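J.: UniProt numbering applies: residue 1 is where the sequence shown begins, and numbers increase by one.
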Amino acid sequence: MNIVRANPEQLFEYGPFTVRRQRPGEALSPLVSVDLMSLKLDARIPMQQHQDEEVFTYLWRGSMQHQDSNGERTQLSAKRVIVVNAGDGVQYEESVPLYEAELLQAVIRPSQPGGEAMTQVLERDQGIMTNGWTELAGPEESDAPLELRQDVYIYDTLLERNHTLDVPSMPGFVAYLTVLEGIIRIGEHRLGRGDAVSGLDSSIEIVGDRDASLVCFLVKPDNFA
1 MNIVRANPEQ LFEYGPFTVR RQRPGEALSP LVSVDLMSLK LDARIPMQQH QDEEVFTYLW
61 RGSMQHQDSN GERTQLSAKR VIVVNAGDGV QYEESVPLYE AELLQAVIRP SQPGGEAMTQ
121 VLERDQGIMT NGWTELAGPE ESDAPLELRQ DVYIYDTLLE RNHTLDVPSM PGFVAYLTVL
181 EGIIRIGEHR LGRGDAVSGL DSSIEIVGDR DASLVCFLVK PDNFA
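1. Within the UniProt domain "Pirin N-terminal" (41–99), note down every full alpha helix (DSSP H) run reaching 4 residues or more, in order along the chain.
2. Quick one: measure Cβ to Cβ for Asp211 and Gly182, integer angstroms, because I've assumed they're closer than 8 Å.
3. Can you list, in chain order, the stretches of the beta strand (DSSP E) that have 3 or more residues and sit fully within the stretch 173–204?
4. Using the DSSP secondary-structure output, state which residues sit across from Met170 in a beta bridge.
5. Looking only at DSSP bridge pairs, what is Ser38 linked to?
6. From the DSSP secondary-structure annotation, give me the bridge partner or partners of Gly138.
7. Measuring alpha carbon to alpha carbon, tell me which residue in Gly15, Met47 and Arg124 is nearest residue 240.
8. Using CA atoms only, rank isn't needed, just tell me which of Ala6, Val34 and Ala43 is closest to Phe17.
9. Would the beta-carbon of Asp222 fall within 8 Å of that of Ser29?
10. If we count the other Cβ atoms within 10 Å of its Cβ and call it buried at 16 or more, is residue 240 buried or exposed?
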């Protein structure tokens with residue numbers, strides 16, 4: 001088990017942006033980066049070009065507007081999750097016109113470069129499920145609602161205090177769990193906001209110490225056939 005504690009050196013503050021960047025490392029490639037972000041009202045990430053990356057954006061508080069180069073706008077919230085398969089190239093911007101937002105944004109390297117750019121949105125009226133994992137995204141051949149062009153699955157949950165959960169598991173895949181807010185216990189270890197853990201045994205239970213919002217990635221590393 002490898003615990004990565006929230007570190008002030010990972011925290012970047014610039015105007016209305018606060019970003020905590022996690023780099024899972026080569027052992028968990030192709031999960032390139034995981035950013036935990038707080039955006040104040042009227043924050044704006046200007047139009048940028050993206051290519052050959054899968055961008056997963058997940059809000060657990062507030063709302064954010066996603067706008068592509070064609071002017072199409074999508075409002076994101078805890079009830080609306082988005083994946084951009086950038087492929088050969090796509091441009092978009094993100095802004096916070098209504099409410100402050102707290103979100104996770106992960107960049108995943110696709111298994112093959114190129115391909116048609118695509119934007120996918122998952123709508124779920126009930127929002128985040130409590131005390132059970134919801135599969136949000138997975139490889140194209142899976143039944144996951146959002147498709148990734150890579151062997152990666154993504155799950156979320158709201159784990160209530162004193163409830164327990166097993167870690168998602170799959171043969172040949174490694175779990176990477178990040179705590180968005182709240183506190184959990186894994187064995188003798190307490191993890192809080194901004195902490196992450198990988199290399200978890202499938203038999204290990206997660207215990208809610210305080211109500212905790214969690215996202216878990218299952219990644220098939222490059223060194224697995």
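From the three backbone atoms N, C-alpha and C, an ideal C-beta is built for every residue, glycine too. Since the model is a prediction, treat every value here as computed from it, not as a measurement.
T.: In short:
1. none
2. 5 Å
3. 174–186, 189–191 and 196–198
4. DSSP, once it has assigned bridges, lists no residue as partnering Met170.
5. Thr18 and Glu102
6. Glu147
7. The structure shown does not extend to residue 240, since the chain spans only 1 to 225, so no value can be given for it.
8. Ala43
9. yes
10. Shown here, the chain extends from 1 to 225; a query on residue 240 therefore has no answer.
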